[in-house]
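These notes are about the structure you will find just below.
2 protein chains.
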Amino acid sequence: MNISAKSKYAVRALVELAQHNGDQPVPIADISARKDIPLQFLEQLFSSLRKAGILNSHRGVRGGFSFKRLPEEVSVLDVVEALDGSVAPAACTVGAPCDKKDHCAVQDVWMDAKTSLESVLSAATIADLAEKESMMYTSTEEMYYI
Amino acid sequence: MNISAKSKYAVRALVELAQHNGDQPVPIADISARKDIPLQFLEQLFSSLRKAGILNSHRGVRGGFSFKRLPEEVSVLDVVEALDGSVAPAACTVGAPCDKKDHCAVQDVWMDAKTSLESVLSAATIADLAEKESMMYTSTEEMYYI
DNA sequence: CATTAACCCGATAAGATCTATCAATTTTAT
DNA sequence: ATAAAATTGATAGATCTTATCGGGTTAATG
Chain A
9 MNISAKSKYA
19 VRALVELAQH
29 NGDQPVPIAD
39 ISARKDIPLQ
49 FLEQLFSSLR
59 KAGILNSHRG
69 VRGGFSFKRL
79 PEEVSVLDVV
89 EALDGSVAPA
99 ACTVGAPCDK
109 KDHCAVQDVW
119 MDAKTSLESV
129 LSAATIADLA
139 EKESMMYTST
149 EEMYYI
Chain B
9 MNISAKSKYA
19 VRALVELAQH
29 NGDQPVPIAD
39 ISARKDIPLQ
49 FLEQLFSSLR
59 KAGILNSHRG
69 VRGGFSFKRL
79 PEEVSVLDVV
89 EALDGSVAPA
99 ACTVGAPCDK
109 KDHCAVQDVW
119 MDAKTSLESV
129 LSAATIADLA
139 EKESMMYTST
149 EEMYYI
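If you're matching them up, the sequences are chains A and B in order.
Per my numbering, residue 9 is the first one in the first sequence, and the count goes up by one each step.
Per my numbering, residue 9 is the first one in the second sequence, and the count goes up by one each step.
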């Protein structure tokens, strides 16, 4: 059970984007530098997120990316599904043919796992995470100024 | 997010073993044939399950495998952890060092996912599944005898 | 209108992991 | 003795993941 580096990078990058969300699009080079994510890899990810309808892109000088959907309405599940596909832990839970010899009670367990994962990951939005991290940052900074 | 074929094979195999659980150990060749699992691959899996304290092995003629812990007390999580390790979807949730630049709210999400998965997978025992499948089998058979 | 910042796209390489098989050995009931 | 069965270590083959490369396109700006 693993969430790919793609999804982990992407969630961190989107949180960063949400924190810098003004009227200007943000170039991926900025995000790459701040979050220490390989630039060309991040390009691939954001390209997928654009195709998934989560981001807008703007080409040319002063271009970059911005949210197409509000960060409040983009969940971690949306990101993971856009980049890695379903979180189903077994193909038989998403329609793939199962070994017919099984009168398969096991499938129910994988299905429960899937449902449970979806529930957790859809509960967390990018906006939530951005706000949480801003608060963490603030309180950490305060440590130095007591 | 994927559960390996190893774990899926193993759970199915253990359900089969639970259904045949008498005083005699069951050879893996039988289980392999009934569940259509590659024999030598299954050997590896059962060897791991033995090392994990879930199964007993008996060598020689009339040998085979039997449960060391009762099927009622072996959860799907136990099996998955024995074969694939932790179900943690991100290394940072199990002690691996995280990128220090992050004031990381994202980690909480992966941690919730892990907890939720563990909860679902530990709720299902091999004995539960064996019983369910026996009932399914019975009712399917009845279909033919109406 | 030339320059440059930035995204776009397809290919591919490097590495890791997963799945499976092979060959040889050891144990033990009969 | 023989045969049934687990044990062990090596390794092949396939697939997936993680990047990187190299060129292309778009558009703001002076």
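Just so you know, even glycine gets a beta-carbon here, dropped at the ideal spot from N, CA and C.
Computed from a prediction, not measured in an experiment: that's the story for all the values here.
Where residue i falls: helix, strand or coil (DSSP)
i, result
"residue 85 of chain B", "helix"
"residue 159 of chain B", "Only positions 9 to 154 of chain B appear in this structure, which leaves residue 159 of chain B out of reach."
"residue 65 of chain A", "strand"
"residue 19 of chain A", "helix"
"residue 102 of chain B", "helix"
"residue 109 of chain B", "With a pLDDT of only 48 at residue 109 of chain B, under the threshold of 50, the placement of this residue in the model should not be trusted; the figure read from the coordinates follows. Three-state result, residue 109 of chain B: coil."
Cβ of residue i within 8 Å of any chain B Cβ
i, result
"residue 98 of chain A", "yes"
"residue 31 of chain A", "no"
"residue 141 of chain A", "yes"
"residue 124 of chain A", "yes"
"residue 128 of chain A", "yes"
"residue 16 of chain A", "yes"
"residue 21 of chain A", "no"
"residue 39 of chain A", "no"
"residue 137 of chain A", "yes"
"residue 62 of chain A", "no"
"residue 102 of chain A", "no"
"residue 90 of chain A", "no"
Integer-rounded CB distance, given that residue j should sit under 8 Å from residue i
i, j, result
"residue 88 of chain B", "residue 15 of chain B", "5 Å"
"residue 23 of chain B", "residue 137 of chain B", "5 Å"
"residue 97 of chain B", "residue 9 of chain A", "6 Å"
"residue 53 of chain A", "residue 78 of chain A", "Wrong, their Cβ atoms sit about 20 Å apart, outside the cutoff."
"residue 121 of chain B", "residue 129 of chain A", "6 Å"
"residue 57 of chain A", "residue 36 of chain A", "About 11 Å separates the two Cβ atoms, so there is no contact after all."
"residue 55 of chain B", "residue 64 of chain B", "Residue 55 of chain B to residue 64 of chain B, Cβ: 12 Å. No contact."
"residue 113 of chain A", "residue 141 of chain B", "5 Å"
"residue 135 of chain A", "residue 26 of chain A", "6 Å"
"residue 76 of chain A", "residue 93 of chain A", "That pair is no contact at about 20 Å."
"residue 124 of chain A", "residue 124 of chain B", "5 Å"
Residue i at chain A interface by Cβ criterion, 8 Å
i, result
"residue 82 of chain B", "no"
"residue 109 of chain B", "Per-residue confidence for residue 109 of chain B stands at a pLDDT of 48, beneath the threshold of 50, marking its modelled position as unreliable; no derived number is given."
"residue 77 of chain B", "no"
"residue 120 of chain B", "yes"
"residue 113 of chain B", "yes"
"residue 117 of chain B", "yes"
"residue 95 of chain B", "yes"
"residue 26 of chain B", "no"
"residue 36 of chain B", "no"
The ligand ZN heavy atom lying under 7 Å from the CB of residue i
i, result
"residue 128 of chain B", "Absence of the ligand ZN is noted for the structure shown, with no ligands found whatsoever."
Q. Can you list the alpha helix (DSSP H) stretches of 4 or more residues lying completely in the region 112 to 150 of chain B, in chain order?
A. You should have 114 to 131.
Could you say if the region 79 to 86 of chain A and the region 31 to 50 of chain A meet the contact criterion of at least three C-beta pairs nearer than 8 Å? Not touching, per the Cβ criterion.
Ignoring anything shorter than 3 residues, give me the beta strand (DSSP E) runs that lie fully in the region 25 to 51 of chain A, in order along the chain. Counting only unbroken stretches of 3 or more residues, no beta strand (DSSP E) element lies wholly within the region 25 to 51 of chain A.
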